[in-house]
């Protein structure tokens, strides 16, 4: 049936398109503001009216990575001329880069927190997706007594508020010395993501036809061989999508990291807000740190776009 | 024919004899996960159940004294705690209702042929993927009374968002609406695209108005999926910690998770906070139970 469109319908359609564009701009404005502040000179970060057009600078990123201190007196022209470009941009802001006795540049707290985030997120993702894939296959292919109850139990562990779990975990970790350690956070994030990964992977496993393995079994494969050689390659897309979701969750997690780590194993989410002290914060540096931290997730969101619905609904809605 | 059959059967039974039985594979695949979750999720809860009957403080070396149900009695008689629950309820209602309106509204707008629809949808989904704590922090700058872009864009002068006790909770909810409306939008889009086209065509033939079409066709068919979104967001909003903790320290925006955090890790009332954690836990399990029951009902259709 060919729909005949009246002019008012076409007008309504145009209005809807304009509205969508306006909404998109409003929704992206905060993210744009983070990205643009990360490239502003400090004096333009907090102006009235807000600065929209400016000469982008790299100095916030230099300041993000190097330890700095206030300059008591401006550098002499010789000092300034001898300094590399990245030191000059810090001089221009009235600060200097801290060096140790041997003249080595000192790092700020950021790079190590970023590394901690990477270590914890990647390791816990590998563990959660690895275990989750096996478990999902078990639930998908074999009869399990009380399957619905077990799956509910698995899901409910994920629904617990982090602070509720963190109180006893904090006491237990303190007793065994796991506070402020990578391993401690990795265990927590693995447990947290495991339930998610089981639920999501079960959906993907259910979609792989049983006949594939049955044919392989008839051909003389053992169940294990069939799982590794037939099922896993078929599940690759699902595994990748699940892994990206787990990575993002671990990468973004705040409450456990705040409670369980303080310095050595601290990840970026509790560290970045801790830079906003009582004085006037340098928002360009915070924006630079935020920008680098959000970048991987933004990229992953684009890669995941076709799986977002499924992942965000725990595999409940598949389209 | 018969010979091939026999050799096939023979090959597969030999393979079965060589490998592990299905039952042992099933156990090998499932039991470690269950054990892991019991050790790291359930055991800690049992541990804290024990502490919830004591006056234990993790900041001192004093031994824990058994005080029975005293903690629970005190908490349930504490008007302060009740106000935290009331604040949380208010927050959940505002933020979930806001997300539902914005998310479903944008989905209705997007549910048509639009150039670059895929790209626009993905861009709109970006906020919910980002770290609440880190992005929340940046909203502090956006809300700043003197140089925040929100006041500038809306022409509000030096309106206090986060430091006004009456406004703080709404400001946190507004940020939450920004972050999570995309979630409702994503689910709504799936629901809307599943509405059969012929229903709309039939309605058009009957000259049904847009309101009739919306309330009699669109809404009833999308309702189950919207319900999933609402329960899911309710559960998450009830647990909110990061965003409110980062954005404001106003007592009027002290959600139950924040109260719990302060009780446990700032006041070090470990025993009492364990009791409080249990009260919260029971509420979350109740919502989860409703959610899962509902999910199963929807799946059966």
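Residue numbers (the UniProt record's numbering), protein chains in the order written: chain A, 1 to 319; chain B, 1 to 301.
Every residue gets a Cβ at the ideal spot worked out from N, C-alpha and C, and that includes glycine.
Only a predicted model underlies this, so the values are computations on that prediction, with no experimental measurement involved.
message: Let me check understanding here. Comparing Cα to Cα, which of 100/A, 253/A and 303/A lies closest to residue 135/B?
response: Reading the second chain from its first residue, position 135 is the one you call residue 135/B. Nearest C-alpha to residue 135/B: 253/A.
query: So, is the C-beta of residue 78/B closer than 9 Å to a C-beta in chain A?
result: Within the second chain, residue 78/B is the residue found at index 78, counting from 1. So no, residue 78/B is outside the interface.
field: Chain-ordered chain A contacts of residue 248/B [CB-CB under 7 Å]
entry: Within the second chain, numbered from 1, the residue matching residue 248/B stands at position 248. Simply none; closest approach about 13 Å.
message: Is there a Cβ of chain B sitting closer than 9 Å to that of residue 320/A, yes or no?
response: In the structure as shown, chain A starts at 1 and stops at 319, and residue 320/A therefore has no counterpart that could be examined.
- prompt: Taking Cβ positions, are residue 146/A and residue 203/A nearer each other than 9 Å?
  reply: On the first chain, position 146 is the one that residue 146/A refers to. On the first chain, position 203 is the one that residue 203/A refers to. In this structure, residue 203/A does not lie closer than 9 Å to residue 146/A by Cβ.
- prompt: Looking at the unbroken alpha helix (DSSP H) that takes in residue 48/B, where does it start and where does it end?
  reply: Taking the second chain and counting its residues from 1, the one referred to as residue 48/B is at position 48. Segment 43-51, the alpha helix (DSSP H) holding residue 48/B.
task: Could you tell me whether any non-hydrogen atom of the ligand MG is closer than 8 Å to the CB of residue 184/A?
output: The ligand MG is not part of this structure, which contains no ligands at all.
query: Within the 9 Å Cβ cut-off, does residue 232/B reach chain A?
result: Locating residue 232/B in the second chain gives position 232, counting from the first residue. Closer than 9 Å to some Cβ of chain A, the Cβ of residue 232/B qualifies, so yes.
field: Against chain B: residues of the stretch 280-299 of chain A by CB proximity under 9 Å
entry: 281, 283, 286, 287, 289, 290, 293, 294, 297 and 298
message: With three or more beta-carbon pairs closer than 8 Å as the criterion, would you say the stretch 306-318 of chain A touches the stretch 68-87 of chain A?
response: no
query: Are residue 192/A and residue 153/A touching if we call contact CB-CB under 9 Å?
result: Position 192 of the first chain, counting from 1, holds the residue named residue 192/A. Position 153 of the first chain, counting from 1, holds the residue named residue 153/A. The answer is no: Cβ separation not under 9 Å.
field: Pairwise C-alpha distance: residue 311/A and residue 291/B
entry: The count along the second chain starts at 1 and reaches residue 291/B at position 291. The count along the first chain starts at 1 and reaches residue 311/A at position 311. Using only the alpha carbons, I get a separation of about 16 Å.
- prompt: Which bits of chain B does residue 137/A rub up against, with CB to CB less than 8 Å?
  reply: Position 137 of the first chain, counted from the first residue, corresponds to residue 137/A. Going along chain B in sequence order, the residues near residue 137/A (Cβ under 8 Å) are 29.
- request: With DSSP as the reference, label residue 99/B as helix, strand or coil.
  value: The residue labelled residue 99/B in the question sits at position 99 within the second chain. In the structure shown, residue 99/B sits in a helix (DSSP, three-state: H, G or I).
Collapsed DSSP secondary structure at residue 70/B in the structure displayed: Sequence index remark: in the second chain, residue 70/B carries index 70 (1-based). Of the three classes helix, strand and coil, the one that applies to residue 70/B here is helix, per DSSP.
query: Does any residue of chain A bring its CB to less than 9 Å from the CB of residue 87/B?
result: The count along the second chain starts at 1 and reaches residue 87/B at position 87. Closer than 9 Å: no.
query: Where DSSP assigns a beta bridge to residue 95/A, which residues make up the other side?
result: Translated into positions along the first chain, residue 95/A becomes position 95. Beta-bridge pairing links residue 95/A to 70/A.
- request: Answer yes or no: does any C-beta atom of chain B fall closer than 9 Å to that of residue 313/A?
  value: Here residue 313/A refers to the residue found at position 313 of the first chain. Interface residue, yes.
message: Quick check: the stretch 39-53 of chain A against the stretch 147-163 of chain B, are at least 3 beta-carbon pairs closer than 8 Å?
response: Short answer: they touch.
- request: Can you tell me which of the three DSSP states residue 107/A falls into?
  value: Along the first chain, one-based indexing puts residue 107/A at 107. Under the three-state reduction of DSSP output, residue 107/A falls in the strand class.
message: Run through chain A and tell me which residues come within less than 9 Å of residue 55/B, C-beta to C-beta.
response: Within the second chain, residue 55/B is the residue found at index 55, counting from 1. What residue 55/B touches in chain A: nothing, since even the nearest Cβ is about 15 Å away.
message: Using a Cβ-Cβ cutoff of less than 6 Å, which residues in the same chain neighbour residue 12/A once the five nearest sequence positions on both sides are dropped?
response: The residue labelled residue 12/A in the question sits at position 12 within the first chain. Hits under 6 Å: none found.
query: Within 10 angstroms of its Cβ, does residue 1/A collect 16 or more other Cβ (buried), or is it exposed?
result: Counting from one through the first chain, the residue named residue 1/A turns up at place 1. Low confidence applies to residue 1/A: its pLDDT is 42, below 50, so where it sits in the model is not reliable, and the reading given next is rough at best. Residue 1/A should be labelled exposed.
field: Length of the line joining the Cα atoms of residue 67/B and residue 54/B
entry: The residue given as residue 67/B occupies position 67 in the second chain. The residue given as residue 54/B occupies position 54 in the second chain. About 5 Å.
Spatial neighbours of residue 320/A in its chain, beta-carbon cut-off 6 Å, leaving aside the 5 residues before and after: Nothing can be reported for residue 320/A: it is not among the residues displayed for chain A, which extend from 1 to 319.
task: Note down, in chain order, every chain A residue with its Cβ under 7 Å from the Cβ of residue 239/B.
output: What you label residue 239/B is simply residue 239 of the second chain in a count that begins at 1. In chain order: 161.
- request: With a 10 Å radius around its C-beta and 16 neighbouring C-beta atoms as the bar for buried, classify residue 197/B as buried or exposed.
  value: Here residue 197/B is taken as the residue at index 197 of the second chain, counted from 1. By the neighbour-count rule (16 or more Cβ atoms within 10 Å), residue 197/B is not buried but exposed.
- prompt: In whole angstroms, what is the alpha-carbon distance linking residue 115/A and residue 194/B?
  reply: Position 115 of the first chain, counting from 1, holds the residue named residue 115/A. Position 194 of the second chain, counting from 1, holds the residue named residue 194/B. Residue 115/A and residue 194/B: Cα-Cα distance of roughly 43 Å.
query: Among all the DSSP beta bridges, which residues are the ones paired with residue 54/B?
result: Taking the second chain and counting its residues from 1, the one referred to as residue 54/B is at position 54. Its beta-bridge partners are 66/B.
field: Validate contact between the stretch 172-183 of chain A and the stretch 259-266 of chain A using beta carbons, cut 8 Å, 3 pairs
entry: A contact exists between the stretch 172-183 of chain A and the stretch 259-266 of chain A.
Three or more C-beta pairs below 8 Å linking the stretch 226-246 of chain A and the stretch 101-112 of chain A: Under the Cβ criterion (8 Å, minimum of three pairs), the stretch 226-246 of chain A does not count as touching the stretch 101-112 of chain A.
- request: Measure from the alpha carbon of residue 52/B to the alpha carbon of each residue in 210/B, 295/B and 281/B, then state which is nearest.
  value: Stepping through the second chain from its first residue, residue 52/B is reached at position 52. Selected option, being the one with the closest Cα: 281/B.
message: Can you look up residue 101/A in the DSSP assignment and give me helix, strand or coil?
response: Your numbering for residue 101/A matches position 101 in the first chain. Residue 101/A falls in the coil class under three-state DSSP.
- prompt: Closer than 9 Å, CB to CB, is residue 69/A near chain B or not?
  reply: Here residue 69/A corresponds to residue number 69 of the first chain, with the count starting at 1. Not closer than 9 Å to any Cβ of chain B, the Cβ of residue 69/A fails to qualify, so no.
- prompt: For the stretch 223-239 of chain B against the stretch 120-133 of chain B, are there 3 or more C-beta pairs whose distance is under 8 Å?
  reply: no
query: Quick one, which of 40/A, 165/A, 169/A and 285/A has its alpha-carbon nearest residue 278/B's?
result: Walking along the second chain from the start, residue 278/B turns up at place 278. Of 40/A, 165/A, 169/A and 285/A, the residue nearest in Cα terms is 165/A.
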